[in-house]
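Novice: Dropping the structure in here first, questions after.
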Amino acid sequence: MNGAREPDPGRNDHRREGRWQGRRVLVTGGAGFLGSGLCHALAERGARVTAIDAMVPGTGASAANLAGLPVELVEADLRTADLAPLCRDVEAVFNLAAQTSHMDSMADPANDLSVNALAQLRLIAALRAEAPAAVVVHASTRQFYGRAQYLPVDERHPVVPPDANGVAKFAGEQYWLLEHRVHRRPVVSLRLTNCYGPRMRIRDHRQTFLGIWVRRVLEGEPFEVWGGEQLRDLAYLDDVVSGFLLAAETPGCAGGTYNLGGASPVSLRQLAEAVVAANGGGTYAVREFPADRKAIDIGSFHADDRAFREATGWAPRHGLAEGLRMTLDWFRPRLASYL
Numbered sequence: 001m002n003g004a005r006e007p008d009p010g011r012n013d014h015r016r017e018g019r020w021q022g023r024r025v026l027v028t029g030g031a032g033f034l035g036s037g038l039c040h041a042l043a044e045r046g047a048r049v050t051a052i053d054a055m056v057p058g059t060g061a062s063a064a065n066l067a068g069l070p071v072e073l074v075e076a077d078l079r080t081a082d083l084a085p086l087c088r089d090v091e092a093v094f095n096l097a098a099q100t101s102h103m104d105s106m107a108d109p110a111n112d113l114s115v116n117a118l119a120q121l122r123l124i125a126a127l128r129a130e131a132p133a134a135v136v137v138h139a140s141t142r143q144f145y146g147r148a149q150y151l152p153v154d155e156r157h158p159v160v161p162p163d164a165n166g167v168a169k170f171a172g173e174q175y176w177l178l179e180h181r182v183h184r185r186p187v188v189s190l191r192l193t194n195c196y197g198p199r200m201r202i203r204d205h206r207q208t209f210l211g212i213w214v215r216r217v218l219e220g221e222p223f224e225v226w227g228g229e230q231l232r233d234l235a236y237l238d239d240v241v242s243g244f245l246l247a248a249e250t251p252g253c254a255g256g257t258y259n260l261g262g263a264s265p266v267s268l269r270q271l272a273e274a275v276v277a278a279n280g281g282g283t284y285a286v287r288e289f290p291a292d293r294k295a296i297d298i299g300s301f302h303a304d305d306r307a308f309r310e311a312t313g314w315a316p317r318h319g320l321a322e323g324l325r326m327t328l329d330w331f332r333p334r335l336a337s338y339l
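Counting from 1, one number per residue, gives the positions in the sequence shown under full-length UniProt numbering.
So this is what it looks like as C-alpha cells:
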C-alpha cells in the first residue's frame with residue numbers, strides 16, 4: 001500500500017484534538033465533491049467555515065452538498081469577485097476551486113488557465129493583504145506527471161503534462177509554492193490521485209470515470225471500461241479529508257509538495273469487478289479508448305506517498321471494497337438528486 005504502515009491514532013484523530021474549534025476557515029470550491037467533504041469535517045469540528053464556489057453548471061457543485069451545515073456558502077468566482085472581505089482574518093484556507101475536466105481543458109485551454117492559474121494569483125493577492133499568516137492547503141494533481149516513467153511515482157518524477165489541465169494546474173501549484181518561498185506563508189500542496197466517495201459527480205465522466213460506473217450499476221445498466229489493464233490507486237473521501245486536515249495541522253509540511261495516494265493499486269478491470277461486487281451485481285464491457293481520450297491517457301499510475309505518511313502519520317483507513325460499498329450505499333437513496 002505505497003509504503004503503508006499502521007496509522008498513529010493519536011496523530012490521525014482530529015475530533016479528539018479539537019484544534020479546529022472556533023477557527024475561521026475558508027474552503028474554495030466548497031460546494032463540490034472534495035470541498036463539501038472538507039466543509040462537513042470542519043463543521044463537525046466546530047470551525048467557522050465559509051465556502052466559496054462559482055457554482056458553474058456541470059461541475060458537480062451543488063448547495064445540496066452543504067445542506068444542514070452551519071457553513072456560509074458564497075456564490076463567487078475567484079476570477080472576478082471581491083475576495084478581500086472573504087479572506088479577511090481567516091486562519092486556514094483549503095483551496096479546491098479548479099477546472100478538473102481534462103477534455104474541457106483541451107477544448108478551451110484559455111478558460112482552464114484562467115481558473116487553475118490566473119484565479120490563483122487573485123486569491124494569493126487577497127490573502128497576502130487580508131490574512132498574511134493563514135495556512136493554505138492547495139489541491140493539486142498527479143495529472144501533470146504525465147505517463148509514468150517508473151512506478152510507484154514519487155514527488156521527484158519529471159513533470160510532463162499530457163494535457164492543458166496538467167500545464168495550468170502545475171502553474172497554479174507553483175504560484176502557491178512561490179508565495180511560501182518569498183513571503184513565508186505556510187503552504188502545502190497535495191497531489192491527489194483518483195478520489196471517490198459520497199457527493200462525487202456521477203452524472204457523466206467529465207470529472208472521474210468511476211462516477212459514471214457508479215451511476216450505471218445503480219441504474220442496472222452496463223458500464224464501459226476503457227483499456228482495462230491500466231493500474232490506478234484510489235482514495236476514499238474521508239481519507240482525503242483526513243490528509244488535508246493533517247497537512248494544515250503539521251507545521252513541518254509547510255513549503256512541501258506531497259503525493260496523496262490511496263489503497264493498493266488495481267487494474268481498471270479489477271476495479272470494475274470490485275464495483276460489481278460492492279453493488280451485489282452489475283455488468284460491464286471492456287472497450288478500446290476513444291481516440292480523443294487515448295491521446296491524453298496517462299497509462300498506469302499509482303503514487304508513492306511515503307513522504308506524506310512520514311511527515312504526518314497519515315494512512316488511509318478505508319480499503320477499496322469498503323469504500324466502494326459505502327459510496328454505493330450513500331448514493332443509492334439519493335441517485336435522482338445527482339443526475
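We treat Cβ as the ideally placed atom computed from N, Cα and C, and that holds for glycine.
#1: Residues in its own chain within less than 6 angstroms of GLY280 by CB, not counting five upstream and five downstream?
#2: Classify ALA84 as helix, strand or coil using the three-state DSSP reduction.
#3: What residue from ASN65, PHE331, CYS195, LEU127 has the CA that sits closest to VAL25's CA?
#4: With DSSP run on the structure shown, which of helix, strand or coil describes residue 340?
#5: On the criterion of 16 or more Cβ atoms from any shown chain inside 10 Å, does GLY220 qualify as buried, or is it exposed?
#6: Residues bridged to GLU267 by DSSP?
#7: Pull up the distance between the alpha-carbon of ALA148 and that of PRO70, whole angstroms please.
#8: To the nearest whole angstrom, what separates the beta carbons of ALA31 and LEU73, a pair I think is in contact under 8 angstroms?
#9: Since GLY211 contacts ASP238 with CB under 8 angstroms, what's their CB separation in whole angstroms?
#10: Would you kindly report the start and end of the unbroken alpha helix (DSSP H) that includes TYR175?
#11: Starting from the C-beta of ALA248, find all residues in its chain whose C-beta is less than 6 angstroms away, skip the five residues before and the five after it, and write them out in chain order.
#12: So HIS102 is in the alpha helix (DSSP H); what residue range does that whole segment cover?
#13: Going straight from the alpha carbon of LEU38 to that of ILE124, what length do you get?
#14: Does the separation of the CB atoms of residue 344 and GLU130 fall below 8 angstroms?
#15: Please name the residue or residues paired with LEU26 in a DSSP beta bridge.
#16: Entirely within the stretch 286-329 and at least 3 residues each: give me those beta strand (DSSP E) ranges in chain order.
#17: Mind checking GLN21: buried by the 16 CB within 10 Å criterion, or exposed?
#18: With a CB to CB cut of under 8 angstroms and the five nearest residues on each side skipped, what residues in its chain are close to PRO7?
#19: Assuming LEU210 is part of the alpha helix (DSSP H), what are its boundary residues?
#20: Using a Cβ-Cβ cutoff of less than 8 angstroms, which residues in the same chain neighbour ARG332 once the five nearest sequence positions on both sides are dropped?
#21: What residue does the beta strand (DSSP E) around CYS195 start on, and which one ends it?
#22: Using the beta-carbon count (16 or more within 10 Å), is PHE33 buried or exposed?
#23: Taking the alpha-carbon positions, what's the ARG79 to LYS169 distance?
#24: What separation, rounded to the nearest whole angstrom, lies between the Cα atoms of GLY319 and ARG306?
#25: With hydrogens ignored, establish whether the beta-carbon of PRO85 is closer than 7 angstroms to any heavy atom of the ligand NAD.
#26: Express the C-alpha separation of TRP330 and TYR145 in angstroms, rounding to a whole number.
#27: Can you list, in chain order, the residues of its chain whose CB lies under 8 angstroms from that of THR208, leaving out five sequence neighbours each side?
#28: Identify the continuous beta strand (DSSP E) that holds PHE223 and give its terminal residues.
#29: Could you tell me the boundaries of the alpha helix (DSSP H) in which HIS40 lies?
#30: Can you give me the C-alpha to C-alpha distance between ALA51 and LEU86, rounded to a whole angstrom?
#31: Where do the ends of the beta strand (DSSP E) carrying LEU260 lie?
#32: Let me check one thing: in DSSP terms, what residues is THR141 bridge-paired to?
#33: Leaving out five residues on either side along the sequence, give the residues of the same chain with a beta carbon under 6 angstroms from the beta carbon of GLY228.
#34: What would DSSP say about TYR150, mapped onto helix, strand or coil?
#35: Output needed for ALA235: all residues of its chain with C-beta closer than 6 angstroms, excluding positions within five of it in sequence on either side, in chain order.
#36: Three-state secondary structure (DSSP) at LEU69?
Specialist: Walking through what the data contain:
#1: The residue you call residue 280 lines up with position 280 of the sequence shown. Closer than 6 angstroms at the Cβ level, and outside the excluded window around GLY280, lies no residue.
#2: Here residue 84 corresponds to residue number 84 of the sequence shown, with the count starting at 1. In this structure, DSSP gives ALA84 a helical state, which the three-state scheme calls helix.
#3: Translated into the one-based positions of the sequence shown, residue 25 becomes position 25. Cα-wise, what sits closest to VAL25 is LEU127.
#4: For the chain, the structure presents residues 1 to 339; residue 340 sits outside this window and is missing.
#5: Against the sequence shown, residue 220 aligns to sequence position 220. Counting Cβ neighbours within 10 Å, GLY220 comes out exposed, since fewer than 16 surround it.
#6: Along the sequence shown, read from residue 1 onward, the residue named residue 267 stands at position 267. Strictly speaking, residue 267 in this sequence is Ser, with Glu absent from that position. Answer is LEU231, bridged to SER267.
#7: Numbered from 1 along the sequence shown, position 148 holds the residue referred to as residue 148. Numbered from 1 along the sequence shown, position 70 holds the residue referred to as residue 70. So the alpha carbons of these two residues sit roughly 42 angstroms apart.
#8: Your numbering for residue 31 matches position 31 in the sequence shown. Your numbering for residue 73 matches position 73 in the sequence shown. Sure, about 6 angstroms apart at Cβ, within 8 angstroms.
#9: If you number the sequence shown from 1, residue 211 lands on position 211. If you number the sequence shown from 1, residue 238 lands on position 238. The C-beta distance from GLY211 to ASP238 rounds to 17 angstroms, too long to fall under 8 angstroms, and the pair is not in contact.
#10: For this step, residue 175 is matched to residue 175 along the sequence shown. Residue range 164-183 is occupied by the alpha helix (DSSP H) that includes TYR175.
#11: Taking the sequence shown and counting its residues from 1, one reaches residue 248 at position 248. Around ALA248: ALA92, VAL135, VAL137.
#12: Mapped onto the sequence shown, residue 102 falls at position 102. HIS102 -> alpha helix (DSSP H) spans 102-107.
#13: Locating residue 38 in the sequence shown gives position 38, counting from the first residue. Locating residue 124 in the sequence shown gives position 124, counting from the first residue. Answer to the nearest angstrom: the Cα atoms are 21 angstroms apart.
#14: With the chain covering 1 to 339 only, the question about residue 344 has no answer from this structure.
#15: As a position in the sequence shown, residue 26 is number 26, starting the count at 1. LEU26 pairs with THR50, VAL93.
#16: none
#17: Taking the sequence shown and counting its residues from 1, one reaches residue 21 at position 21. Around the beta carbon of GLN21, fewer than 16 other beta carbons lie within 10 angstroms, which makes this residue exposed.
#18: As a position in the sequence shown, residue 7 is number 7, starting the count at 1. Note that PRO7 has pLDDT 39, beneath the 50 cutoff, so the model's placement of it is unreliable and the number below is only indicative. Here PRO7 has GLY313, TRP314, ALA315, ARG317 as same chain residues with Cβ atoms under 8 angstroms from its own Cβ, once five neighbours each way along the sequence are excluded.
#19: The residue labelled residue 210 in the question sits at position 210 within the sequence shown. Run containing LEU210: 209-219, per the alpha helix (DSSP H) assignment.
#20: Position 332 of the sequence shown, counted from the first residue, corresponds to residue 332. For ARG332, where only same-chain residues beyond five positions count, the Cβ hits under 8 angstroms are LEU218.
#21: Numbered from its first residue, the sequence shown carries residue 195 at position 195. Element bounds for CYS195: 194-196.
#22: Locating residue 33 in the sequence shown gives position 33, where the first residue counts as 1. Buried.
#23: Residue 79 sits at position 79 when you count from the first residue of the sequence shown. Residue 169 sits at position 169 when you count from the first residue of the sequence shown. Approximately 15 angstroms between the Cα atoms of the pair.
#24: Walking along the sequence shown from the start, residue 319 turns up at place 319. Walking along the sequence shown from the start, residue 306 turns up at place 306. Rounded to whole angstroms, GLY319 to ARG306 spans 17 angstroms at the Cα level.
#25: With respect to the ligand NAD, the structure shown offers nothing to examine, as it has no ligands at all.
#26: Start at 1 with the first residue of the sequence shown, and residue 145 comes out as number 145. Start at 1 with the first residue of the sequence shown, and residue 330 comes out as number 330. Taking the straight line from one Cα to the other gives about 32 angstroms.
#27: In the sequence shown, counting from the first residue as 1, residue 208 sits at position 208. Excluding positions up to five away in sequence, the list reads ASN194, CYS195, TYR196, MET200, ARG201.
#28: Position 223 of the sequence shown holds residue 223. Here the beta strand (DSSP E) through PHE223 covers 223-226.
#29: As a first step, residue 40 must be located in the sequence shown, where it is residue number 40. Residues 33-44.
#30: The residue given as residue 51 occupies position 51 in the sequence shown. The residue given as residue 86 occupies position 86 in the sequence shown. Computed Cα separation, rounded: 9 angstroms.
#31: The sequence position of residue 260 within the sequence shown is 260, counting from 1. Unbroken beta strand (DSSP E) run through LEU260: 256-260.
#32: As a first step, residue 141 is located in the sequence shown; it is residue number 141 there, counting from the start. BP columns for THR141 point to LEU192.
#33: The residue you call residue 228 lines up with position 228 of the sequence shown. Here the set comprises LEU268, ARG269, VAL286.
#34: Locating residue 150 in the sequence shown gives position 150, where the first residue counts as 1. It is coil, neither helix nor strand.
#35: Locating residue 235 in the sequence shown gives position 235, counting from the first residue. For ALA235, where only same-chain residues beyond five positions count, the Cβ hits under 6 angstroms are THR193, CYS195, GLY262.
#36: Here residue 69 corresponds to residue number 69 of the sequence shown, with the count starting at 1. Residue state for LEU69 is assigned as coil, using DSSP reduced to three classes.
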